[in-house]
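Colleague: Chains as they are written, first to last, in this note's numbering: chain A, 53 to 253; chain B, 8 to 274. The beta carbon of each residue, even a glycine, is placed where N, CA and C say it ideally should be. Model, not experiment: these values are computed from the prediction.
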Amino acid sequence: MKLEVKDLIYKHQLNNNFCLGPLSLTGEGYLRVLGANGSGKTTLLKCLAGIYRASKGTAYLAGKELDHVIWVGAEAAIYWDSLTAKEYIMLQAKLYGVAKSDAEKKLVKFKLDYLNQNIFSLSTGQKKIISIISCVISACPLVIMDEPDSNLDEANREFLYDLILQESSLRKQFFLFSSHIPSNHFSEDNTKKLNAGHLMC
Amino acid sequence: MLVLTFLFSHELRLFFPRWFSPFVQAIIVLSSLIFYWYFSKSIMAAPSFEGEMPEGYFIYIIVGELSLLWPGILLANSSRVIKQFYYKRALDNLLVLKEKASGLLIKMSLSQMLLQSIKYILYFAAAFYFSQYINIGSVTNFLVLQLVYVPLFLGLGLLAGCIVVYFGRGEKIIQLFVSASYVLAGVYFPSTVFPKFVQDIFKYSPFNDLIQLSRSTLSGNLTIVDIKLKLCLYLLLGLALLFVSQKLFCYLITKCDRPINHRPLIS
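(1) For Y166(A), which of Y140(A), Q144(A) and S153(A) has the nearest alpha-carbon?
(2) What is the DSSP secondary structure of D59(A), counted as helix, strand or coil?
(3) Look up S231(A) in the DSSP assignment and say whether it is helix, strand or coil.
(4) To be precise: take each residue of the region 88 to 102 of chain B, compare its Cβ to all Cβ atoms of chain A, and keep it if any distance is under 9 Å. Which residues remain?
(5) Could you check where the alpha helix (DSSP H) with G79(A) kicks off and where it finishes?
(6) Taking C-beta to C-beta, are P78(B) and P213(B) nearer than 9 Å?
(7) Of all the alpha helix (DSSP H) runs that stay within the bounds of the region 178 to 228 of chain B, which reach a length of 4 or more residues?
(8) Does the Cβ-Cβ distance between L112(B) and F204(B) come in under 9 Å?
(9) Taking 9 Å as the CB-CB cut-off, is L147(A) touching chain B?
(10) From the DSSP output, read off the bridge partner residues of M120(B).
(11) State the Cα-Cα distance for the pair P26(A) and W123(A), rounded to the nearest angstrom.
(12) Please determine, among I196(A), I233(A), D214(A) and G79(A), the residue with the shortest C-alpha to C-alpha distance to V103(B).
(13) What first and last residue would you give for the alpha helix (DSSP H) that runs through M142(A)?
(14) May I have the straight-line CA-CA distance separating A151(A) from G92(A), to the nearest angstrom?
(15) Terminal residues of the continuous alpha helix (DSSP H) containing T95(A)?
(16) Give me, in chain order, the residues of the same chain whose beta-carbon lies closer than 7 Å to that of L217(A); leave out the 5 immediate sequence neighbours on both sides.
(17) Three Cβ pairs or more, each shorter than 8 Å: is that satisfied between the region 187 to 199 of chain B and the region 111 to 128 of chain B?
(18) Would you report the Cα separation of I103(A) and E106(B), rounded to the nearest angstrom?
(19) Following the continuous beta strand (DSSP E) through Y131(A), name the residue where it begins and the one where it ends.
(20) Would you list the residues sitting across from V160(A) in a DSSP beta bridge?
(21) So what does DSSP say about W123(A), is it helix, strand or coil?
(22) Can you name, in chain order, every residue of its own chain whose Cβ lies under 6 Å from the Cβ of A191(A), other than the five neighbours on each side?
(23) Can you look up N170(A) in the DSSP assignment and give me helix, strand or coil?
(24) Determine the chain B residues that contact I233(A) at a beta-carbon separation under 9 Å, and present them in chain order.
(25) Let me check one thing: in DSSP terms, what residues is K244(A) bridge-paired to?
(26) Please list the residues of the region 63 to 75 of chain B that have a C-beta atom closer than 7 Å to any C-beta atom in chain A, keeping them in chain order.
(27) Output, in sequence order along the chain, the residues in the region 115 to 149 of chain A whose CB is closer than 7 Å to any CB in chain B.
(28) Given that L165(B) touches chain A, what residues does it touch there, using C-beta distances under 8 Å?
(29) Under a Cβ-count criterion, where at least 16 other Cβ atoms within 10 Å of its own Cβ denotes burial, should Y136(B) be classed as buried or exposed?
(30) Since V195(A) is in the beta strand (DSSP E), which residue starts that stretch and which ends it?
(31) List the whole-angstrom C-beta distance separating M53(A) from A101(A), where the pair is believed to meet the contact cut-off of C-beta under 8 Å.
(32) Under 9 Å between beta-carbons, which chain B residues line up against A101(A)? List them in chain order, please.
(33) Within 10 angstroms of the Cβ of G144(B), are there 16 or more other Cβ atoms? Answer buried if so, exposed if not.
(34) Compare the C-beta of I61(A) against all C-beta atoms of chain B and say whether one is closer than 9 Å.
(35) When you compare each of V57(A), E56(A), K63(A) and N170(A) to G249(A) by their alpha carbons, which one comes out closest?
(36) Thinking C-alpha only, which one of P193(A), E127(A) and I181(A) is nearest E210(A)?
This is the structure:
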């Protein structure tokens, strides 16, 4: 599954000195975006998620315009924190059109021991894991994650990276994510580095 | 002293974010004063209530609150939920849902409506106990009437949600509007205490219409059959408004560069 972004431009209305783009990039299966603070990683992700309105540019996934997107923010904030983790995952799956039985089958393989705990009682890292798993189970074509590995311990980070590589190889979902943490898991071809709103060669 | 200056500047900017904010605050305070004035006037005019309240002020209030319980929830819920999404820093998760977001808000409003129906049960229990006019037949008519108005108020609620999604504020004004509508529709006292021009403006409000029909059906003076054409019209209008508000909401989420993206969201 290929993501193509062409000539994306976004001018930040609050910070007039910052302009993202023009930016063109492509990726197969997954794309990892690196960069220092303020380089435009979150802005790029939000433009592609549709949260920000880019003033110019196009983006295609598998040759089609970006339509269905699921988002995991840096804070892994969950609105329905009175639900249990399992209920939240089922809700997300239903919102994206996945049947309950299919979602439950997929959930079994993750073997989480805090599925029946209320989300408000979970740590930030655990909430992030729940959010990421809900993205995978939702079967949404484009999964955008803003620093998904930032609150995770080493074991969960390994779990996340393996999950991204495994699910992207199935060619049903594309994973676009930003990161600060160096890792040898991902290929150079699928890693892009931003600096002041532009891609570094 | 410097810390106090910084804190005061911060609070001042939050309280008056735009140049017209002091005027809006003045209007809000003036509205409250006007409400208190007319409320006290209505209490003084209590003996003249007899024409509108055959069974006393208690039943009058209960029927009034029951009539506008669901509309008030439906009108205010979408904007309240959007604000909560923001405060929980989860608004982006709602925005990426795109077309599905409006459907989600509608379902959440309906869930809230069902939840608040516990109040219905208690209020109806009190009404049955204290009233001679309210019976199963009139309650059935009343519930059908309420259901007919649900799409209309759902549509209005989603429109209110559009305001909060686009501007990043407005939830408190919407709540104030709902509270004012309760008063102006005659929930707590007859709207005849207000000046004629106010009555003329608000007689076209769906709140006023609904509460008058509700009082008539619960007292047994009117049945659904008597007003079936009017109800069909309101149902069609409600469905049309719901459709339009859903489309507008989707447009604001998917096509519009919203100021909410670029300014801190404050109450």
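Modeller: For this structure:
(1) One-based indexing of the first sequence puts residue 166(A) at position 114. The shortest C-alpha separation from Y166(A) is found at Y140(A).
(2) As a first step, residue 59(A) must be located in the first sequence, where it is residue number 7. D59(A) falls in the strand class under three-state DSSP.
(3) As a first step, residue 231(A) is located in the first sequence; it is residue number 179 there, counting from the start. Note: S231(A) maps to strand in three-state DSSP.
(4) V88, Q91, F92, K95, R96, A97, L98, D99, N100, L101 and L102
(5) Stepping through the first sequence from its first residue, residue 79(A) is reached at position 27. Note, G79(A): premise wrong, no alpha helix (DSSP H); beta strand (DSSP E) at C71 to E80.
(6) Taking the first residue of the second sequence as 1, we reach residue 78(B) at position 71. Taking the first residue of the second sequence as 1, we reach residue 213(B) at position 206. Yes, the pair counts as a contact, with Cβ atoms nearer than the cut-off.
(7) 178 to 192, 203 to 209 and 213 to 225
(8) What you label residue 112(B) is simply residue 105 of the second sequence in a count that begins at 1. What you label residue 204(B) is simply residue 197 of the second sequence in a count that begins at 1. Not closer than 9 Å, so no.
(9) Mapped onto the first sequence, residue 147(A) falls at position 95. For L147(A), the answer is yes, since a Cβ of chain B falls inside 9 Å of its Cβ.
(10) In the second sequence, counting from the first residue as 1, residue 120(B) sits at position 113. The partner list for M120(B) (beta bridge, DSSP) is empty, contrary to what the question assumes.
(11) No statement about residue 26(A) is possible, as the shown extent of chain A runs from 53 to 253 and does not include it.
(12) Here residue 103(B) corresponds to residue number 96 of the second sequence, with the count starting at 1. Comparing Cα positions, the closest option is I196(A).
(13) Within the first sequence, residue 142(A) is the residue found at index 90, counting from 1. Taken as a continuous stretch (DSSP letters only), the alpha helix (DSSP H) holding M142(A) covers A137 to L147.
(14) As a first step, residue 151(A) is located in the first sequence; it is residue number 99 there, counting from the start. As a first step, residue 92(A) is located in the first sequence; it is residue number 40 there, counting from the start. Taking the straight line from one Cα to the other gives about 36 Å.
(15) As a position in the first sequence, residue 95(A) is number 43, starting the count at 1. Counting along the chain, the alpha helix (DSSP H) containing T95(A) begins and ends at K93 to A101.
(16) Counting from one through the first sequence, the residue named residue 217(A) turns up at place 165. Excluding sequence neighbours, L217(A) sits near H237.
(17) no
(18) Against the first sequence, residue 103(A) aligns to sequence position 51. Against the second sequence, residue 106(B) aligns to sequence position 99. For I103(A) and E106(B), the distance between alpha carbons rounds to 13 Å.
(19) In the first sequence, counting from the first residue as 1, residue 131(A) sits at position 79. Careful: Y131(A) lies outside any beta strand (DSSP E) and carries neither H nor E.
(20) Start at 1 with the first residue of the first sequence, and residue 160(A) comes out as number 108. V160(A) pairs with nothing; no bridge assigned.
(21) Your numbering for residue 123(A) matches position 71 in the first sequence. Here W123(A) sits in strand by DSSP.
(22) As a first step, residue 191(A) must be located in the first sequence, where it is residue number 139. Closer than 6 Å at the Cβ level, and outside the excluded window around A191(A), lie V150.
(23) Stepping through the first sequence from its first residue, residue 170(A) is reached at position 118. Residue state, collapsed to three classes: strand.
(24) Here residue 233(A) corresponds to residue number 181 of the first sequence, with the count starting at 1. In chain order: nothing, as chain B lies at least about 22 Å away.
(25) Here residue 244(A) refers to the residue found at position 192 of the first sequence. V85(A), per the DSSP bridge assignment.
(26) none
(27) V121, I122, W123, G125, E127, A129, I130, Y131 and L147
(28) The sequence position of residue 165(B) within the second sequence is 158, counting from 1. Per Cβ cutoff of 8 Å: no residues; L165(B) is ~18 Å from chain A at best.
(29) By one-based count along the second sequence, residue 136(B) stands at place 129. Answer is exposed; the Cβ neighbour count stays below 16.
(30) As a first step, residue 195(A) is located in the first sequence; it is residue number 143 there, counting from the start. Counting along the chain, the beta strand (DSSP E) containing V195(A) begins and ends at L194 to M197.
(31) If you number the first sequence from 1, residue 53(A) lands on position 1. If you number the first sequence from 1, residue 101(A) lands on position 49. Between A101(A) and M53(A) the Cβ distance is about 17 Å, and since that is not below 8 Å, they are no contact.
(32) Your numbering for residue 101(A) matches position 49 in the first sequence. In chain order: D99, L102 and V103.
(33) Taking the first residue of the second sequence as 1, we reach residue 144(B) at position 137. G144(B) is exposed by the Cβ-count criterion.
(34) One-based indexing of the first sequence puts residue 61(A) at position 9. No, its Cβ sits nowhere closer than 9 Å to a Cβ of chain B.
(35) In the first sequence, counting from the first residue as 1, residue 249(A) sits at position 197. Nearest C-alpha to G249(A): K63(A).
(36) Walking along the first sequence from the start, residue 210(A) turns up at place 158. Nearest C-alpha to E210(A): I181(A).
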